[in-house]
Amino acid sequence: MNDEQIVKMYLQRDEAAIGHTRDKYGTRIRAVSRGITNDQCAAEEVENDTYLKAWESIPPNEPYNSFFAYLAKIARNLSISIVRSKKALKRNAVIVELSEEMEQCIPDKARTEEDFDSKLLSAKISAFLDTKPARNRDIFMRRYWFFDSVESIAERFDMSVNNVNVVLHRMRNELRKYLEKEGYSI
Numbered sequence: 144m145n146d147e148q149i150v151k152m153y154l155q156r157d158e159a160a161i162g163h164t165r166d167k168y169g170t171r172i173r174a175v176s177r178g179i180t181n182d183q184c185a186a187e188e189v190e191n192d193t194y195l196k197a198w199e200s201i202p203p204n205e206p207y208n209s210f211f212a213y214l215a216k217i218a219r220n221l222s223i224s225i226v227r228s229k230k231a232l233k234r235n236a237v238i239v240e241l242s243e244e245m246e247q248c249i250p251d252k253a254r255t256e257e258d259f260d261s262k263l264l265s266a267k268i269s270a271f272l273d274t275k276p277a278r279n280r281d282i283f284m285r286r287y288w289f290f291d292s293v294e295s296i297a298e299r300f301d302m303s304v305n306n307v308n309v310v311l312h313r314m315r316n317e318l319r320k321y322l323e324k325e326g327y328s329i
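Given below as C-alpha cells:
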C-alpha cells in the first residue's frame, strides 16, 4: 500500500491505517528512536506513541508526499522527550557531542526564539542542504537528524570514518558561513 492510500485512510478515520503504517514503517520508526534513546523498550514505546500522534494529527495535516518524514519527525521528538524526561540528556554523550557540534553553526536557541522565527531558520537550513550533493546531504541528515554514529554512516556510505568526519566538519563550517551571510549571528 502506498503512502497516499495510507494517509487517505487516516483522513477517513479508518483504524486499519495504523496497521498499514506499522507494516510499512514500524522497523524504521524503531530505528530512529533506538538511535536516540539507545533503548529497545523505549523505541517500541515511541513506535506506538508515533501511531497515536499520527492518528491525532491527521487531519488536519495531510502528509501525502512525505509520510515517513512526518512519522520520523514525530518519533524523533518523542525520543528526545524520553531522553530529557529521564534526565539523561546531559549524560548521553552522543546527544551532547552532536549538540556541541551543531552549536558551532546554529544560533543559540534562546536568541533564535527572541530574534528569529524558528520556521525561517528551518527553511534556511533546508535551503542550504538543497544546494549540497545528495550524498553529503544524506550524511548530514543521518548524523544530525537520525543521530546515526559516524561509524554506521561510514559503513552505510562505504567511506572511512575519517572521511565522514571531514564531510561533516566541512558541512558544519559551510552552514555556519551560510547562516551568517543570511543575517544570523553564531
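The sequence shown begins at 144 in our numbering and counts up one residue at a time.
The beta carbon of each residue, even a glycine, is placed where N, CA and C say it ideally should be.
Pair within 8 Å by beta-carbon distance, residue i and residue j
i, j, result
"Phe283", "Met302", "no"
"Ser176", "Ala212", "no"
"Thr180", "Val226", "yes"
"Val293", "Val307", "yes"
"Leu263", "Arg286", "no"
"Phe271", "Tyr321", "yes"
"Ile201", "Tyr153", "yes"
"Arg280", "Phe300", "no"
"Glu325", "Lys267", "yes"
"Ser222", "Val189", "yes"
Which of helix, strand or coil DSSP assigns to residue i
i, result
"Ile223", "helix"
"Phe290", "coil"
"Lys151", "helix"
"Ser176", "helix"
"Gly162", "helix"
"Gly326", "coil"
"Asp330", "For the chain, the structure presents residues 144 to 329; residue 330 sits outside this window and is missing."
"Ile201", "coil"
"Lys196", "helix"
"Ser228", "helix"
"Asn181", "coil"
"Arg319", "helix"
"Met284", "helix"
"Glu257", "Confidence in Glu257 is poor, its pLDDT being 45 and thus under 50, which makes the residue's placement unreliable; the coordinate value appears in the next sentence. If DSSP states are grouped into helix, strand and coil, Glu257 belongs with the helices."
"Ser209", "coil"
"Met314", "helix"
"Thr170", "helix"
"Asn308", "helix"
"Lys275", "coil"
Residue environment, residue i, which counts as buried when at least 16 other CB atoms sit within 10 Å
i, result
"Ala118", "Residue 118 lies beyond the residue range present for the chain, which begins at 144 and ends at 329; the question has no answer from this structure."
"Ala197", "buried"
"Asp157", "exposed"
"Leu195", "exposed"
"Thr170", "exposed"
8 Å contact criterion, which residue i and residue j should meet: CB distance rounded
i, j, result
"Ile149", "Ala160", "5 Å"
"Arg146", "Tyr207", "The residue asked about is misnamed: residue 146 is Asp in this sequence, not Arg. Yes, Asp146 and Tyr207 are in contact; Cβ-Cβ is about 7 Å, under 8 Å."
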